[in-house]
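J.: The structure that follows is given in the form of structure tokens.
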Amino acid sequence: MEGKLADITRLFQKFKAAYDKNDTETSDNILSQLKVKLTELPSLPPLFKSSPSSIQELLLARDILEHAVVLSVKMEDQDAFERHFLQLKSYYTDTRGVIPPSGQEYPILGLNLLRLLVQNRIAEFHTELELLPPAAHDHSCIKHAVELEQSFMEGAYNRVLSARQAVPHETYVYFMDLLAKTVRDEIAGCSEKAYDSLSLVEAKKILMFASDQELLAYVLDDHPDWEIRGTRVYFQRAKKLAPCKEIPSLQLINQTLGYARELERIV
Amino acid sequence: MTVVSTASGLLAMLQESHPTLKLHALKNLNVLVDNFWPEISTNISAIESLYEDDTFYERQLAALVASKVFYYLGELNDSLTYALGAGPLFDVSEDTEYVQTLVTKCVDEYILLSVKAAESNESEKTALDPRLVAIVERMLDKCMQDGKFQQAVGVALECRRLDKLEESIIRSENASAMLSYCLRLSQTFVSRREFRHEVLRLLVKSYQGLQQPDYLSICQCLMFLDEPADVAAILDKLLKGDKSEALLAYQIAFDLFENEYQKFLLNVRDLLPESTSASSSAPLSVTNGGLIQGTRGNGISAMTDGGPTAMDSDLTEPLLGSYAAEESADVSAPPVEERTSYTERLTKLKGILSGETPISLTLQFLYSHNRSDLLILKTIKQSVEMRNSVCHSATIYSNALMHAGTTVDTFLRENLDWLKRATNWAKFSATAGLGVIHRGHHQQGRSLMAPYLPQNGGTGGGSPYSEGGALYALGLIHANHGEGIKQFLLESLRNTSNEVIQHGACLGLGLAALGTADEEIYEDVKNVLYTDSAVAGEAAGIAMGLLMVGTASEKATEMLAYAHDTQHEKIIRGLALGIALVVYGREEEADTLIEQMTRDQDPILRYGGMYALAMAYRGTANNSAIRRLLHFAVSDVSDDVRRTAVLALGFVLCSEPEQTPRIVSLLSESYNAHVRYGAAMAVGISCAGSGSSEAISLLEPLTSDAVDFVRQGALIAMAMVLLQTTEAREPRVATFRRQLEKIINDKHEETMSKMGAILAQGILDAGGRNVAIMLQSRTGHDRVTAVVGMAVFSQFWYWYPLIYFISLSFAPTAFIGLNEELRMPKFNFVSETKPSLFGYPPSVAPPAATSAVKLPTAVLSTSNRAKVRGAKREAEAKASKATGHEAGAGSSSSKAEGLVDGDKDSTHAAKDENAMDVDGGTQKKAVVVEPSSEVLSNPARVVPAQEKFIKFREDSRYAPLKLKRAPSGFVMLRDLTPSEPVELVSTDTPLSAGGAGTAHANTNATAIAVEDNEPPPPEPFEYVP
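Each protein sequence line maps, in turn, to chains A and B. Following full-length UniProt numbering, the numbering of the first sequence begins with 1 at its first residue and continues without gaps. Following full-length UniProt numbering, the numbering of the second sequence begins with 1 at its first residue and continues without gaps.
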């Protein structure tokens, strides 16, 4: 057991070295080895077997996963981020009484909140928020995410975009960029509902594009159902109303008559 | 202890690319699934894809996790699929809800599939999932290891796995108990005939494999399988063995006889080796012992017939005397050893198989124990209007049923003038009624009926109605055992062209040759049918059915074709019923024909289709049959069909009487009176004699229905349900009796319900209060005759004379203990319950003076005299005695008094005391405390519900051969002290054993015929047309 732990620690050192050098490929490779090795430790979730070295093991595992989370942000891999975060979360929630809290905890939680915001998973965002202790809300990382969400909900999209400048942690930048995209999608969705058509100039302004090219590329990529005719963008096609369903009166009458007949027969 | 709060981390790990991580996640999930299945269920697709991933080497684990999740989601089918995929990881022995549920599901699935496979054609057979089979087999093995053999047997039976069935029987410690369990199951739960036969064959095989083969059960099985040769072989082997083996052979024969499967019995008899005629005269006298006793018992009543019978009885008189002397000396059956030769035993056995011995013993029992209450009949007779012919004949029917098989026809003799009012068909049925009364009286039957029978050659002075009735009566007397009378009936049929006589002869032939499939008779009956006469044709149709009962022969198609040809509704109806009888008990085999009939345009044939369903699936409680019947009961356009469909439910459910009230309870509230009638009859048929509380509750409101014929049906059904139920067991009996009385006396009551009430009286006291309606024998086999009789009886809606068919379903509720000479030794046993719980109902008190005013003058004098006499004799005043024959009143009463006093044994003492208690009313009430048990002496009346209370004394000289067998019917007794002289129950003196009722009847008879010689014998019972 001791050997294993030392083994993992050694490997982790290697990983950290590569990580510090921003050599993502090497560190990813080492990380996957580390993860396999972690499964061999019985004191980790979900088994939580207590052993003399369990605290060390837990601390090490948490550290590894925290690094993994940050690494996946660096690699701009959202799925990996989610996977690692979910695995990590158990260390934050379930082992609170066993090992001392980590300094990375709130930044990472904030990151996760941001991710949920980016992915427009507002319900989960709030769930996560509720699970945090009230004290945590004051932490700058969490506060940041909460404020962003509020702006987002209010529709104060400019505030969202300007917040990029005031990130509490360098890893947040990646998500802030993604957030701009999310905001744009929101705006596009609203415009679709609100207008039949918009002039290109207006559309550019609303969607906060700098140039017509960017707008055209965006329309082509994300909204192929929009139609650009002349200087206007038309949204109608998406607005087509589903025809009101006809009431199946004949069928209903038949059924009712059938029931009446059956009733008469049975009783 | 730290626990995880979420499985999301593990689920996330499933997405990792490295297989080790996936495996790690799966392993942990498998542990956590019980708590975190809601979380996992959102990611179930990931697990499913892992299972489908061929490169993943722990696919089975993925399957197990998926299966568990689906189980928690309630998706048992998916869960099962994955559990099967999990292979050996799915551990059947695990004691969790999950495993138990899935194993159950698995077994269900397997049963479904294997049944489907067994029933589909060879080509359609789909291979069963071997994994499924493996699980079920593992399950079965586990059952057997744990000693839960009953479960194993049940599952194996349901899965149709005969190999496993056999294995579990062999492996169980108590193989014989297992076998009998299996036998019962195969009768009640195996709904498919062919498979049941396979099971039975297996059972026979296993039974024979036992160290001490249970021949009783083997023979039962073989009877179900219809293999007379094997039975004959077994019986033959037993006969060659020692004394107790011979006893066993007799017992088997009696048990087989109880199932009334005539054709089979005759086959067995014929397959037994011929007994050499060179055998000594001793066996002959023994075999005939029973018969002669029967004859003797009835000689007296026969004698009073006068005319030709008087001659007969004169002839038997000396014989009688000698035997009486021998037996009263109590020294019969001297040396036993010499007599027990093989041939002698063979003759005895054949006597049983042919029905001679049991029938005469039954007859003797019914005669000697007859407790019918003539006063009831008298009341009925007085209260029905003179001109109302329906009630008049109903009274005659009622009398016949009350005295069915007792040979006591006192009532008819006393009321000859009244009887003469019956004309035409009423006369037909009045004559036929004699057949019911003398049922089983094979020796004297012919001579009894002689005055009414058509005379050979001559044109015959009698009316065709009484002649036809007499032929029908002969059929009733010889029902199911008509070897001797067949020829005579056939000749009578050939010699006449009168449709009434043809009618009687056809019915008679049908009854006498029931189920024999005799081609000669069939051809003759068919000729009658082709004359296309409505009256004769109807009877012919029924008779053809009776002849061919259960053969499912091609004849059914022929009959159906003719039913389409003819114009007469009566003939169609007769044929429809006939066809139904032909498919008796064939279950699925009959489906084609049933389908054909139920889809017919003609409502009468659809009606026949209902009967066909009833007959084919009698007593199987087959779900599909019930479903079909219920469908017709609510959807057919013809009332007749609907009524019959409901009624037929009674037959299908007769093996599970407790089900019927529940199933028909809604129908009994139908707006359609016909459906209500059907519901009442269905309950009556299936719950007959059960005294079931639900059945009574269902019928009670129907007895005061707004529609007259519903009341009729309900009253009859109620009587059937309450048959032999005492007030102590079901207080509503008394209410019902009062209700009947009220209906009969009510001048404003409609004729239909009045008739119902009168018939109900007859059924309630049927067979001298010593019979029950039994559609199934004790071993669970359906009694063909009884079911057929009941079916034809239910036709009385259209044709009153068919009422008599109900007598076929009567079975004596008797314990008749026999020694190896097939005689009844004196022997007592105990019924450990209050006598009143199963006793006879008290006789009706003579009418009070107030009610007497309303009666006609002639009767008034009698009842007055009765009253006077009653007062004089106080406690001795038996109602029946009081109403005795006027002429012989004085002498008979004094004689009866003496005899009753002198010859009572403890049983009757107790009973009399009870009776007196009731009669005497308040005077003695406080004093008598009812004993908690009573001593019965062989032969005794033991009603089915009483059987469990019967105990045999330890110190008794005789013990029953088979202890496990229900103590009723014919029981072979083992003599524990064979060296002592045998004391037999003296059966020749009719005055001894009987209770008050018998004493009365016989005293009268003897008084008239023998002792006093004062009044001349009554005129032969003959009608002036």
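Think of the CB as a built atom: it goes at the ideal place given N, C-alpha and C, for glycine as much as any other residue.
Are residue 939 of chain B and residue 824 of chain B closer than 8 Å when you measure CB to CB?
T.: Walking along the second sequence from the start, residue 939 of chain B turns up at place 939. Walking along the second sequence from the start, residue 824 of chain B turns up at place 824. Yes, Cβ-Cβ distance for residue 939 of chain B and residue 824 of chain B is below 8 Å.
J.: In the DSSP output, what is residue 810 of chain B paired with across the bridge?
T.: To locate residue 810 of chain B, count along the second sequence from 1; it is residue 810. B:773, per the DSSP bridge assignment.
J.: Short check: CB of residue 747 of chain B to CB of residue 985 of chain B, under 8 Å?
T.: The count along the second sequence starts at 1 and reaches residue 747 of chain B at position 747. The count along the second sequence starts at 1 and reaches residue 985 of chain B at position 985. For residue 747 of chain B and residue 985 of chain B, no; Cβs fall outside 8 Å.
J.: Counting only the same chain and skipping the five closest in sequence on each side, list residues whose C-beta sits under 6 Å from that of residue 782 of chain B.
T.: Locating residue 782 of chain B in the second sequence gives position 782, where the first residue counts as 1. So the qualifying residues of the chain are 618, 619 and 776.
J.: For residue 33 of chain B, go through chain A and note every residue whose CB falls closer than 7 Å to its CB, in chain order.
T.: Taking the first residue of the second sequence as position 1, residue 33 of chain B is located at position 33. The premise fails here: residue 33 of chain B is roughly 12 Å from chain A at the closest Cβ pair, so nothing lies under 7 Å.
J.: If you count every other CB in all the chains shown that lies within 10 Å of the CB of residue 57 of chain B, and 16 or more means buried, which is it?
T.: In the second sequence, residue 57 of chain B corresponds to position 57, counting from 1. Label assigned to residue 57 of chain B: exposed.
J.: Report the rounded CA-to-CA distance for residue 526 of chain B versus residue 540 of chain B, giving the unit in angstroms.
T.: Along the second sequence, read from residue 1 onward, the residue named residue 526 of chain B stands at position 526. Along the second sequence, read from residue 1 onward, the residue named residue 540 of chain B stands at position 540. Residue 526 of chain B and residue 540 of chain B: Cα-Cα distance of roughly 7 Å.
J.: From residue 96 of chain B to residue 578 of chain B, what does the alpha carbon distance come to, in whole angstroms?
T.: Start at 1 with the first residue of the second sequence, and residue 96 of chain B comes out as number 96. Start at 1 with the first residue of the second sequence, and residue 578 of chain B comes out as number 578. Roughly 56 Å separates the two Cα atoms.
J.: If I measure Cβ to Cβ from residue 840 of chain B and keep anything under 6 Å in the same chain, skipping five residues before and after, which residues do I get?
T.: Residue 840 of chain B sits at position 840 when you count from the first residue of the second sequence. Around residue 840 of chain B: 371 and 769.
J.: Would you mind telling me which residues of chain B sit closer than 8 Å to residue 83 of chain A, beta carbon to beta carbon, in chain order?
T.: What you label residue 83 of chain A is simply residue 83 of the first sequence in a count that begins at 1. Going along chain B in sequence order, the residues near residue 83 of chain A (Cβ under 8 Å) are 12, 13, 15 and 16.
J.: Compare the C-alpha of residue 341 of chain B against each of B:13, B:238, B:554 and B:355 and name the closest.
T.: The residue you call residue 341 of chain B lines up with position 341 of the second sequence. For the residues B:13, B:238, B:554 and B:355, the minimum Cα distance to residue 341 of chain B belongs to B:238.
J.: Using 8 Å for Cβ pairs, my map puts residue 251 of chain B next to residue 972 of chain B. What's the rounded Cβ distance?
T.: As a first step, residue 251 of chain B must be located in the second sequence, where it is residue number 251. As a first step, residue 972 of chain B must be located in the second sequence, where it is residue number 972. So it is a contact: roughly 4 Å between Cβ atoms.
J.: Excluding the 5 residues flanking residue 44 of chain A on each side, which residues of the same chain have their C-beta closer than 8 Å to its C-beta?
T.: As a first step, residue 44 of chain A must be located in the first sequence, where it is residue number 44. Excluding sequence neighbours, residue 44 of chain A sits near 38, 57, 58 and 61.
J.: Which two residues bound the contiguous alpha helix (DSSP H) that contains residue 759 of chain B?
T.: If you number the second sequence from 1, residue 759 of chain B lands on position 759. Taken as a continuous stretch (DSSP letters only), the alpha helix (DSSP H) holding residue 759 of chain B covers 751-764.
J.: Taking 8 Å as the threshold (beta carbon to beta carbon), is residue 271 of chain A in contact with chain B?
T.: With chain A running from 1 to 267 in the structure shown, residue 271 of chain A is simply not present.
J.: So does the stretch 499-516 of chain B actually touch the stretch 753-767 of chain B, counting three or more Cβ pairs closer than 8 Å?
T.: As far as the Cβ criterion goes, the stretch 499-516 of chain B does not touch the stretch 753-767 of chain B, which means the pair count is below three.
J.: With a floor of 4 residues, list each alpha helix (DSSP H) that falls wholly inside the stretch 461-549 of chain B, ordered by position along the chain.
T.: Listed in chain order, they are 464-477, 486-494, 499-512, 519-530 and 534-547.
J.: If the cut is a Cβ gap below 8 Å, which residues of chain B does residue 28 of chain A touch?
T.: Taking the first residue of the first sequence as 1, we reach residue 28 of chain A at position 28. Within chain B, no residue comes near residue 28 of chain A; the closest Cβ sits about 11 Å away, beyond 8 Å.
J.: Just checking: is the beta-carbon of residue 265 of chain A within a distance shorter than 8 Å of some beta-carbon in chain B?
T.: For the purposes of this step, residue 265 of chain A is taken as the residue at position 265 of the first sequence. Yes, because at least one Cβ of chain B sits closer than 8 Å to the Cβ of residue 265 of chain A.
J.: Between which residues of its own chain and residue 74 of chain A is the CB-CB distance below 7 Å, once the five residues before and five after are set aside?
T.: Here the question's residue 74 of chain A lines up with position 74 in the first sequence. Same-chain partners within the cutoff: 24.
J.: Please compile the residues from chain B whose C-beta is within a distance smaller than 8 Å of the C-beta of residue 193 of chain A.
T.: Within the first sequence, numbered from 1, the residue matching residue 193 of chain A stands at position 193. Under the 8 Å cutoff, chain B gives no residues; its nearest Cβ is about 30 Å from residue 193 of chain A.
J.: Which of the residues in the stretch 18-31 of chain B, read from start to end, lie with their CB under 7 Å from any CB of chain A?
T.: Those would be 18, 20, 21, 24 and 28, in chain order.
J.: Mark residue 64 of chain A as exposed unless 16 or more other C-beta atoms lie within 10 angstroms of its C-beta, in which case mark it buried.
T.: Along the first sequence, one-based indexing puts residue 64 of chain A at 64. Looking at its Cβ environment, which holds 16 or more other Cβ atoms inside 10 Å, residue 64 of chain A is buried.
J.: Express the C-alpha separation of residue 244 of chain B and residue 983 of chain B in angstroms, rounding to a whole number.
T.: Taking the first residue of the second sequence as position 1, residue 983 of chain B is located at position 983. Taking the first residue of the second sequence as position 1, residue 244 of chain B is located at position 244. Straight-line Cα distance between these residues: approximately 20 Å.
J.: Enumerate in chain order the residues of its own chain whose CB-to-CB distance from residue 13 of chain B is below 8 Å, with the five nearest sequence positions on each side excluded.
T.: By one-based count along the second sequence, residue 13 of chain B stands at place 13. Hits under 8 Å: 21, 22, 24 and 25.
J.: Could you tell me whether the stretch 474-483 of chain B touches the stretch 493-501 of chain B, where touching means 3 or more Cβ pairs closer than 8 Å?
T.: Because the criterion of three Cβ pairs below 8 Å is not met, the stretch 474-483 of chain B and the stretch 493-501 of chain B do not touch.
J.: Give every residue of the same chain whose Cβ lies closer than 6 Å to the Cβ of residue 745 of chain B, excluding the five residues on either side of it in the sequence, and list them in chain order.
T.: Residue numbering aside, residue 745 of chain B sits at position 745 when the second sequence is read from its first letter. Result list for residue 745 of chain B: 383, in chain order.
J.: Less than 8 Å between the C-beta atoms of residue 139 of chain B and residue 190 of chain B, yes or no?
T.: Translated into the one-based positions of the second sequence, residue 139 of chain B becomes position 139. Translated into the one-based positions of the second sequence, residue 190 of chain B becomes position 190. No, they are not a contact pair.
J.: Using C-beta distances below 8 Å, list every residue in its chain close to residue 215 of chain A, excluding the 5 sequence neighbours before and after it, in chain order.
T.: On the first sequence, residue 215 of chain A is found 215 positions in, with the first residue counted as 1. Excluding sequence neighbours, residue 215 of chain A sits near 200, 203, 204, 207 and 209.
J.: Any contact between the stretch 401-410 of chain B and the stretch 799-819 of chain B? By contact I mean 3 or more CB pairs, one from each, below 8 Å.
T.: As far as the Cβ criterion goes, the stretch 401-410 of chain B touches the stretch 799-819 of chain B, which means the pair count is three or higher.
J.: Which value, in whole angstroms, describes the spacing of the CA atoms of residue 377 of chain B and residue 429 of chain B?
T.: Against the second sequence, residue 377 of chain B aligns to sequence position 377. Against the second sequence, residue 429 of chain B aligns to sequence position 429. Each residue's alpha carbon lies about 17 Å from the other.
J.: What would DSSP say about residue 195 of chain A, mapped onto helix, strand or coil?
T.: The residue you call residue 195 of chain A lines up with position 195 of the first sequence. Here residue 195 of chain A sits in coil by DSSP.
J.: Flag this pair as touching only if the stretch 949-965 of chain B and the stretch 799-807 of chain B have three or more C-beta atom pairs under 8 Å; answer yes or no.
T.: No: fewer than three Cβ pairs fall under 8 Å.
J.: Return no unless some Cβ of chain B is closer than 8 Å to the Cβ of residue 4 of chain A.
T.: As a first step, residue 4 of chain A is located in the first sequence; it is residue number 4 there, counting from the start. Judged by the 8 Å Cβ criterion, residue 4 of chain A is not in contact with chain B.
J.: Identify the contact partners of residue 32 of chain A in chain B, using a Cβ-Cβ distance below 9 Å as the criterion.
T.: Within the first sequence, numbered from 1, the residue matching residue 32 of chain A stands at position 32. Neighbours of residue 32 of chain A on chain B, chain order: 16, 17, 18 and 21.
J.: Can you find a CB in chain A that lies within less than 8 Å of the CB of residue 8 of chain B?
T.: On the second sequence, residue 8 of chain B is found 8 positions in, with the first residue counted as 1. It does: the Cβ of residue 8 of chain B has a partner Cβ on chain A nearer than 8 Å.
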